[in-house]
Amino acid sequence: MEKKDFGKIKIVMCDVDGTLLTDNGIVSPKTLKVIRKVTDKGILFGLCTGRDMRSVKELVKKWGIAEYVDVIVGTEGSEICDFTKNVEKIAYPLAGELIKDIIKHYEDLDVNFVVPDKGILYVPKDDEYIRLLAKLDGVEYKMLDFEEFLKEPRQKLMIMTNPETMKDVIERSKTFKNEKYKSASLKMASVLYEYMDPRVSKTYGLQQILDLHDLSMENLCVLGDEDNDYDMVKNAGIGVVMGNGSKLTKSVADFITEDNNSDGIGVFLEKYIL
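The sequence shown begins at -15 in the numbering used here and counts up one residue at a time.
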């Protein structure tokens, strides 16, 4: 492994679920303390997550880190918010008719469909899956008529299911085709599968932030855990994966730190960045 120059790091970006947050949904005291010291050092700190930007803006207050968050990259990279530059951007939503087509492809399976928008999770029906997701994410959900709701483009589509049915969802994804629109899909967790525009990735969103600050990937340190963090861990100057991270994402990590319940972020940043 090549030696890393930590002196080049000007911005630290963390995934949220399974990385920043413990399994109890909090930021540990040690990690909070270290994040504060990182920002005191003049290094930018931010979050890069699959959650939508609006909900994260509210949740950082609950997590006790609002004053330390300089930037947010939300919805897998399609939304950015830079508080230091007063910039917000949204890119590459999915066409409503494409989302309808995807839903039709899976609707005979034991799943629910979720579209996050402006801090709320919208679903066509109420069930145990959406109740669980809303509880875990700490956000509200609402049922509405998707036929009407999807007359406009939306940032992404989430498919909620159980771990047993997930294999059927993945298998079904191999046969989805739409002649008019392109889409990309990925398993995000044992119960969550997502569709988004193929141009969207966490790396894409992070590059938008770096450009605003005249920085490059070598100035970026990222910390993540799941498969959807693979691209940013691979592309960042320093890519760190939690001990609880996926095998795939660990395969491209520069460093593997402690798990999310053992101050993984705090341990790494204290040792290498401070």
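Ideal Cβ positions, reconstructed from N, Cα and C, are used throughout, including at glycine.
Whole-angstrom C-beta distance between residue j and residue i, which should lie under 8 Å
i	j	result
methionine 144	valine 206	That pair is no contact at about 26 Å.
methionine 150	lysine 171	7 Å
glycine 103	arginine 38	4 Å
aspartate 1	proline 100	Actually they do not touch by this definition, with Cβ atoms about 14 Å apart.
valine 40	isoleucine 193	Not really, about 14 Å apart at Cβ, beyond 8 Å.
Simplified DSSP state of residue i, which is helix, strand or coil
i	result
proline 100	strand
cysteine 223	At residue 223 the sequence reads glycine, which differs from the cysteine that was named. Looking at glycine 223 - three-state DSSP - the assignment turns out to be strand.
alanine 237	coil
phenylalanine 130	helix
lysine 119	helix
leucine 196	helix
serine 185	coil
arginine 35	coil
phenylalanine 252	helix
phenylalanine 29	strand
leucine 232	helix
isoleucine -7	coil
valine 206	strand
serine 246	coil
glutamate 178	strand
tyrosine 125	strand
isoleucine 10	coil
leucine 258	coil
leucine 82	helix
leucine 190	helix
leucine 16	helix
valine 95	coil
leucine 5	coil
serine 169	strand
Cβ neighbour criterion (16 or more within 10 Å) applied to residue i
i	result
threonine 15	buried
isoleucine 222	buried
leucine 134	buried
lysine 3	It is threonine, not lysine, that sits at residue 3 in the sequence shown. So threonine 3 counts as buried.
lysine 186	buried
glycine -9	exposed
serine 169	buried
asparagine 212	buried
lysine 158	exposed
leucine 258	exposed
isoleucine 154	exposed
arginine 138	buried
lysine 161	exposed
valine 217	buried
asparagine 244	buried
valine 53	buried
Member of the options whose CA lies at the smallest distance from the CA of residue i
i	options	result
alanine 227	Ala220, Ala237 and Glu112	A small fix is needed here, since residue 227 is glycine in this sequence, not alanine. That would be Ala237, whose Cα lies nearest to the Cα of glycine 227.
alanine 118	Asp129, Lys109, Phe130 and Leu105	Leu105
leucine 78	Asp66, Ser62 and Arg35	Ser62
serine 246	Lys161, Leu5, Val0 and Asp(-1)	Leu5
alanine 50	Asp36, Gly34 and Gly30	Gly30
glycine 208	Phe252, His197 and Glu155	Phe252
isoleucine 64	Val184, Leu43 and Leu176	Val184
threonine 233	Asp215, Ile27 and Ser167	Asp215
methionine 142	Glu132, Met201, Tyr90 and Glu163	Tyr90
tyrosine 179	Gly34, Lys17 and Asp7	Gly34
alanine 75	Asp243, Ile249, Met201 and Pro182	Pro182
isoleucine 235	Asp243, Glu242 and Val224	Strictly speaking, residue 235 in this sequence is serine, with isoleucine absent from that position. Nearest C-alpha to serine 235: Val224.
aspartate 111	Val95, Glu124 and Asp198	Val95
tryptophan 47	Leu176, Asp24 and Ile19	Ile19
tyrosine 177	Ile193, Asp152, Gln192 and Leu194	Asp152
glycine 189	Ile(-5), Glu60, Asp(-1) and Lys164	Glu60
glutamate 136	Lys109, Lys21 and Gly80	Gly80
glutamate 163	Val57, Ile87 and Leu82	Leu82
leucine 120	Val57, Ile86, Lys73 and Leu43	Leu43
leucine 116	Asp195, Ile27, Ile249 and Val175	Val175
Legend entry - Segments of 4+ residues assigned as alpha helix (DSSP H) that fall wholly inside the segment 34 to 76: Counting only runs of 4 or more, we get 37 to 46.
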